[in-house]
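These notes are about the structure you will find just below.
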Amino acid sequence: TQLLEQSPQFLSIQEGENLTVYCNSSSVFSSLQWYRQEPGEGPVLLVTVVTGGEVKKLKRLTFQFGDARKDSSLHITAAQPGDTGLYLCAGPVGSTLGRLYFGRGTQLTVWP
Amino acid sequence: GAGVSQSPSNKVTEKGKDVELRCDPISGHTALYWYRQSLGQGLEFLIYFQGNSAPDKSGLPSDRFSAERTGGSVSTLTIQRTQQEDSAVYLCASSQRQTYEQYFGPGTRLTVT
């Protein structure tokens, strides 16, 4: 059983479209992180959300943390080919400082 | 400053051989993690070091896998008697003690033939 469920698993869209990917759990997280991984590279941290209901914006990317801190979403406006990559959510559970649980990721492809 | 580095970037080995993968974390980062990523899959946690505490080895898939961290810095992941199912990208990450934010290296692609 995956602690963090991400959906959709795959997403293929045209440049200029909007999209949302989801990260859900039955567990409460003290924080959630979103990473993006491009082929041949390690994941790169995009954002950390900490407070229930929090919304953070990073240019065309909007991240939201659910009020109950069990879910998060990533919305991309006017997607560009450079947004292509594997989007991973991750969060710590319990008091084990540093141990993160990762979702399986959403593979996004944006076609020009 | 320098990021996390890993070596080698690619490793091809024959089934049954032992391999060692190296990770140099960001200077000053006390926590170090190893993950495994198979093609098209998410990250599989392997092991976690935090300062001088006993490592969390709960993710190691078998006793053929081991890791050590010397001097609180460089880490080596060792896979003994490699099997074809060990083929994957092995990623290392480090973080500061008081944060969960992880910085990843580029990974080592291991191919067992």
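Protein chains in written order, with this note's numbering: chain A, 1 to 112; chain B, 113 to 225.
Ideal Cβ positions, reconstructed from N, Cα and C, are used throughout, including at glycine.
Problem - Proximity below 8 Å, CB of B:Ile159 to CB of B:Arg176 - result: no
Problem - Secondary structure of B:Glu156, DSSP reduced to three states - result: strand
Exercise for the section: Quick one: using the 10 Å Cβ neighbour count with 16 as the cut-off for buried, is A:Val50 buried or exposed? Expected result: exposed
Problem - Test item: CB-CB of A:Gly103 and A:Cys89 under 8 Å - result: Between A:Gly103 and A:Cys89, the gap from beta carbon to beta carbon is short of 8 Å.
Problem - Chain-ordered chain A contacts of B:Phe216 [CB-CB under 9 Å] - result: Ordered by position in chain A, the residues that pass the 9 Å Cβ test against B:Phe216 are Tyr35, Gln37, Glu41, Gly42, Pro43, Val44 and Leu45.
Handout entry: For A:Val50, the first and last residue of its enclosing beta strand (DSSP E)
Key = Taken as a continuous stretch (DSSP letters only), A:Val50 belongs to no beta strand (DSSP E), as it is neither H nor E.
Problem - Minimum Cβ-Cβ distance from A:Leu3 to chain B less than 8 Å - result: no
Problem - Candidates A:Ile13, A:Gln9 and A:Leu19, of which the one nearest A:Thr106 by Cα - result: A:Gln9
Handout entry: CA-to-CA distance, A:Arg60 to A:Pro112, given in whole angstroms
Key = 17 Å
Exercise for the section: Taking only beta carbons into account, state which residues of the region 152-176 of chain B come closer than 8 Å to chain A, listed in chain order. Expected result: For the region 152-176 of chain B, the set of residues with a beta-carbon nearer than 8 Å to any beta-carbon of chain A comprises Gly152, Gln153, Gly154, Leu155, Phe157, Tyr160, Gln162 and Asp168, in chain order.
Exercise for the section: Using a Cβ-Cβ cut-off of 8 Å, state whether A:Arg104 counts as contacting chain B. Expected result: yes
Exercise for the section: Less than 8 Å between the CB atoms is what I'm expecting for B:Arg181 and B:Ser187, so what's the real figure, rounded? Expected result: 4 Å
Problem - Inter-residue spacing [alpha-carbon to alpha-carbon] between B:Thr125 and B:Val131 - result: 8 Å
Problem - Of the residues A:Ser7, A:Gln14, A:Gln6 and A:Gln2, the one placed nearest A:Thr109, counting alpha carbons only - result: When only C-alpha atoms are compared, the closest one is A:Gln14.
Handout entry: 8 Å Cβ cutoff, A:Leu74 in contact with chain B
Key = For A:Leu74, the answer is no, since every Cβ of chain B falls outside 8 Å of its Cβ.
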